[in-house]
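Visitor: In case it helps, the working numbering puts the sequence shown at residues 284 to 565. Where is the CB? At the ideal position from N, CA and C, for every residue including glycine.
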Amino acid sequence: MRIAVNTRLLLKDRLEGLGRFTYETLKLITQSHPEHEFFFLFDRSFDTDFVFANNVTPIVVRPPARHPMLWHVWFELSLPSVLKKIKPDLFLSPDGFLSLKSDVVSLPVIHDLNFVHNPKDLAQSHAWFYNRYFPMYAAKASRIATVSEFSKTDISEQYGINPSKIDVVHNGVSERFKPLDETRKTTVQQKWSDGKPYFIYVGAIHQRKNIERMLAAYDKFRGKSSEHRFVLVGNKKWWTSNMQDALDSMNFKHEVVFTGRVPDEDLNDLMGAALANVYVST
284 MRIAVNTRLL LKDRLEGLGR FTYETLKLIT QSHPEHEFFF LFDRSFDTDF VFANNVTPIV
344 VRPPARHPML WHVWFELSLP SVLKKIKPDL FLSPDGFLSL KSDVVSLPVI HDLNFVHNPK
404 DLAQSHAWFY NRYFPMYAAK ASRIATVSEF SKTDISEQYG INPSKIDVVH NGVSERFKPL
464 DETRKTTVQQ KWSDGKPYFI YVGAIHQRKN IERMLAAYDK FRGKSSEHRF VLVGNKKWWT
524 SNMQDALDSM NFKHEVVFTG RVPDEDLNDL MGAALANVYV ST
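#1: Kindly identify the DSSP beta-bridge partner or partners of F323.
#2: Please state whether DSSP places S457 in a helix, a strand or coil.
#3: Please tell me whether L298 and F325 are closer than 8 Å, where the distance is taken between their beta carbons.
#4: Can you name, in chain order, every residue of its own chain whose Cβ lies under 8 Å from the Cβ of E320, other than the five neighbours on each side?
#5: In the DSSP assignment, find the alpha helix (DSSP H) that holds R467 and state where it starts and stops.
#6: Throw me the rounded Cβ distance for the Q441 and L396 pair, which I believe falls under 8 Å.
#7: State buried or exposed for P446, treating a residue as buried only when at least 16 other CB atoms are found within 10 Å of its CB.
#8: On a Cα-Cα basis, can you pick out the residue from A556, P462 and E432 that is closest to Y481?
#9: Measure the beta-carbon distance from F304 to P418 and round it to whole angstroms, keeping in mind my assumption that it falls under 8 Å.
#10: Which whole runs of the alpha helix (DSSP H) in the segment 353-397 are 4 residues long or more, in chain order?
#11: Select from S389, Q314 and S509 the residue whose C-alpha is nearest the C-alpha of N289.
#12: Return the CA-CA distance between V334 and K423, expressed in angstroms with no decimal places.
#13: For Y420, name the three-state secondary structure that DSSP assigns.
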């Protein structure tokens, strides 16, 4: 089978949630199925680390697309032309985007419908694009994958899709994440949290991730007990004035640690040495 894959989010040292999902699943799939041929479609120069096996052919499809106008150009103009040349049996899109102008059998992974329920959490142009095009992507798709039973139900109800067309492919845990011995934990805590135990959040520092509530909850907890720190791992690219106000209003703001983006090796250690992972739904 010839499988074309949207790999726009495979960015060296810049893997966010969707990029991490793309990386982990494609690495496993390509290496486990040498009998199939994969065409990885990047929108810019790529790192060869993402060519996971000999059955992967990387192709750069221009232009780089990180804005709704360029999404349209990439998926509706550039991509159909490339797919006609490749002649794949399947187009797999781990970030949910499809080409409406291509007749190739398609499988998008629609992770959630946050943009339907909380459009204010996105730039107006992004929210408009998602809400205009994703219903059409869902209708066009041969099958749909998503990461939870909740999202399966949500997609079915919001877009009128028969549940039998939607498959749940749960997120997994990389083998890199392993328990640390006490000596290693102590070393990690000394590096990141002044030697104190800590809670950890890993993800984009974005309004939709409920950062303000997490900060408030930590401050309340810290005021009642212990000396635990709160370590947030992620890019502050989407930091807002409301988040800053929440941080400034804390009594224990100096015990909140923002690491920024960290290499995988540090992330493994940070997770392994943490008391607990904090992930508050919106």
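Guide: Looking at the atomic coordinates:
#1: One-based indexing of the sequence shown puts residue 323 at position 40. According to DSSP, F323 bridges with V288 and P341.
#2: The count along the sequence shown starts at 1 and reaches residue 457 at position 174. If DSSP states are grouped into helix, strand and coil, S457 belongs with coil.
#3: What you label residue 298 is simply residue 15 of the sequence shown in a count that begins at 1. What you label residue 325 is simply residue 42 of the sequence shown in a count that begins at 1. Contact: no.
#4: By one-based count along the sequence shown, residue 320 stands at place 37. M284, R285, I286, N338 and T340.
#5: As a working note, residue 467 is residue 184 in the sequence shown. Its alpha helix (DSSP H) spans residues E465 to W475.
#6: Here residue 441 refers to the residue found at position 158 when the sequence shown is read from its first residue. Here residue 396 refers to the residue found at position 113 when the sequence shown is read from its first residue. Contact holds; Cβ gap of about 6 Å.
#7: The residue given as residue 446 occupies position 163 in the sequence shown. P446 should be labelled exposed.
#8: As a working note, residue 481 is residue 198 in the sequence shown. Closest by alpha carbon: A556.
#9: Position 21 of the sequence shown, counted from the first residue, corresponds to residue 304. Position 135 of the sequence shown, counted from the first residue, corresponds to residue 418. Not confirmed; about 22 Å, so no contact.
#10: 362-369
#11: As a position in the sequence shown, residue 289 is number 6, starting the count at 1. It is S389 whose Cα lies nearest to the Cα of N289.
#12: Walking along the sequence shown from the start, residue 334 turns up at place 51. Walking along the sequence shown from the start, residue 423 turns up at place 140. Whole-angstrom Cα-Cα distance: 29 Å.
#13: Your numbering for residue 420 matches position 137 in the sequence shown. Three-state result, Y420: helix.
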